[in-house]
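Asker: Counting from -6, one number per residue, gives the positions in the sequence shown under our numbering. Where a beta carbon is used, it is the ideal one built from N, C-alpha and C, also for glycine.
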Amino acid sequence: MIILLKKNASQVQISNLTERLKEFGVDTNLSVGSAHTIIGLVGDTSAVDVDMLSALDIVESVQRVQEPFKKANRRFHEEDTVIEVGDGIRIGGGSFQMIAGPCSVESEKQIVEIAIAVKKAGATILRGGAFKPRTSPYAFQGLGAEGLKLLQLAKKETGMPIITELMDASHLDLFEEADVDIIQIGARNMQNFELLKRIGKTNRPILLKRGLANTIQELLTSAEYIMAGGNEKVMLCERGIRTFETRTRNTLDLSAIPVIHRLSHLPVIVDPSHATGEARLVPSMALAATAGGADGLIIEVHNDPTHALCDGAQSLTPEVFAKTAERVRAILPYVWRDKD
Ligand code: PEP
Ligand code: MN
-6 MIILLKKNAS
4 QVQISNLTER
14 LKEFGVDTNL
24 SVGSAHTIIG
34 LVGDTSAVDV
44 DMLSALDIVE
54 SVQRVQEPFK
64 KANRRFHEED
74 TVIEVGDGIR
84 IGGGSFQMIA
94 GPCSVESEKQ
104 IVEIAIAVKK
114 AGATILRGGA
124 FKPRTSPYAF
134 QGLGAEGLKL
144 LQLAKKETGM
154 PIITELMDAS
164 HLDLFEEADV
174 DIIQIGARNM
184 QNFELLKRIG
194 KTNRPILLKR
204 GLANTIQELL
214 TSAEYIMAGG
224 NEKVMLCERG
234 IRTFETRTRN
244 TLDLSAIPVI
254 HRLSHLPVIV
264 DPSHATGEAR
274 LVPSMALAAT
284 AGGADGLIIE
294 VHNDPTHALC
304 DGAQSLTPEV
314 FAKTAERVRA
324 ILPYVWRDKD
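1. Can you tell me the Cα-Cα spacing of L229 and F69, whole angstroms?
2. Counting beta carbon pairs with one atom in the segment 81 to 96 and one in the segment 55 to 62, are three or more of them shorter than 8 Å?
3. Can you list, in chain order, the stretches of the alpha helix (DSSP H) that have 4 or more residues and sit fully within the segment 248 to 321?
4. To the nearest angstrom, how far is it from the Cα of C303 to the Cα of H164?
5. Kindly confirm or deny that the segment 175 to 193 and the segment 20 to 27 touch, where touching means at least three C-beta pairs closer than 8 Å.
6. Whole-angstrom Cβ separation of R197 and M183, contact assumed at under 8 Å?
7. Report the option in E106, N185, V294 and I32 whose CA atom is closest to the CA atom of K149.
8. Please determine, among I262, L213 and A306, the residue with the shortest C-alpha to C-alpha distance to L290.
9. I need the DSSP call for Q184, collapsed to helix, strand or coil.
10. Name, in chain order, the residues that DSSP records as bridge partners for T30.
11. Of the choices L205, N207, L167 and M220, whose alpha-carbon is the least far from that of L189?
12. Is the beta carbon of S256 sitting closer than 8 Å to the one on L213?
13. Determine the extent of the alpha helix (DSSP H) in which T214 is found, giving its start and end residues.
14. If K63 and D37 are in contact, beta carbons under 8 Å, what's the gap, nearest whole angstrom?
15. Got a list of residues with beta-carbon closer than 5 Å to any non-hydrogen atom of ligand 2, in chain order?
16. Relative to ligand 1, is the shortest distance from any of its heavy atoms to the C-beta of A116 smaller than 7 Å?
17. Classify L136: buried if its beta carbon has 16 or more other beta carbons within 10 angstroms, exposed otherwise.
18. Is it buried or exposed, N185, if we count other Cβ atoms within 10 angstroms and call 16 or more buried?
19. So, do the segment 67 to 81 and the segment 109 to 116 have three or more beta carbon pairs nearer to each other than 8 Å?
20. Identify whether K202 lies in helix, strand or coil by the three-state DSSP scheme.
21. Among A132, D44 and K(-1), which residue has its Cα nearest to the Cα of I51?
22. Taking G270 and T241 to be in contact with their CB atoms under 8 Å, please state how far apart those CB atoms are, rounded to whole angstroms.
23. Compute the distance between the beta-carbons of V55 and M153, then report whether it is under 8 Å.
24. Just to confirm, is the Cβ distance from L141 to L167 under 8 Å?
25. Between which two residues does the alpha helix (DSSP H) holding M45 run?
26. May I ask you to verify whether the segment 244 to 255 touches the segment 290 to 300, counting CB pairs closer than 8 Å and requiring at least 3?
27. Is the beta carbon of L143 closer than 8 Å to that of E101?
28. Pick helix, strand or coil for D37, following the three-state DSSP scheme.
29. Would you say the beta carbon of G289 is closer than 7 Å to some non-hydrogen atom of ligand 1?
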């Protein structure tokens, strides 16, 4: 980090600031030039508050040269993180997986039928919401604990590991009981810091979805919350962000894939379903994300989309999912990764 000081900064002010900076556990380097005085900070600057420094009377500007996240940073962990779930299913470091299933678990018949169909098409992990974050309080809120039991049943029937969203830390016991393989933190909770700290104390893999209006750096600092708590099994999910565009539900930020891969060693999963909000757009965006170097996809699939209780418009039928999965597999060998 580089701190440019104002011309009128006195010796006393500079040494007071230097002492204060040392409290953050960093080393300081003072360089006095004819035009400018600069303090360079060396070491781990993640705990240094840039806004606080910028607001000081003697400070002209502050520039970070190192990102404010450490455990998620590729600089300190060169190798790709590989997450393992179920019986040897690997995500990251060249291993690509397809996660598929309905937005919400609705009934035993629905989830088991869909699980069998997506497995046949090549998906290796089953998704399904039990606790649903809905914009309207009157919309279907999910089956709750009963939904978790049905997911467990579908896992027993198919052998597929399951992923489902956690909205409230008080539900963690239920998640343990249902032996949920991957805990999803939804877009709306990406900055629910108490929840992030709590799941940092679990040892289950986490899929952290990017918030509707959050930057890549904010996504990575949220991942840092989980990792700082001790759980380093984190995957990041690009699921579209809010922009001025209204023709699609969100705008899929495909460039987030190589950007995150450059900044971090964590796997990147892309969700073309919530990104577009329209089933017809999902196959092409699934292919684009694959070509862009994603480590996996999470896709909503429903056996009867027109009657789905949640997100039917963006849900693929099992048949369209099967065709999409086939094409994804066909292009995978040709994918060029940012690191390659
Ligand atoms: C979901 O995956 O069901 C979901 C609600 O996604 P998001 O948090 O990305 O909106
Ligand atoms: Mn959904």
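Answerer: With the given structure in hand:
1. 18 Å
2. no
3. 249 to 256, 265 to 269 and 275 to 284
4. 21 Å
5. no
6. The pair is not a contact, with the Cβ atoms about 18 Å apart (cut-off 8 Å).
7. E106
8. I262
9. coil
10. L(-2) and V25
11. M220
12. Reading off the sequence, residue 256 comes out as Leu, not Ser. Yes; because the gap between Cβ atoms is below 8 Å, this pair is in contact.
13. I209 to A221
14. 6 Å
15. C96 and D304
16. no
17. buried
18. buried
19. no
20. strand
21. K(-1)
22. 6 Å
23. no
24. yes
25. V43 to S47
26. no
27. yes
28. coil
29. no
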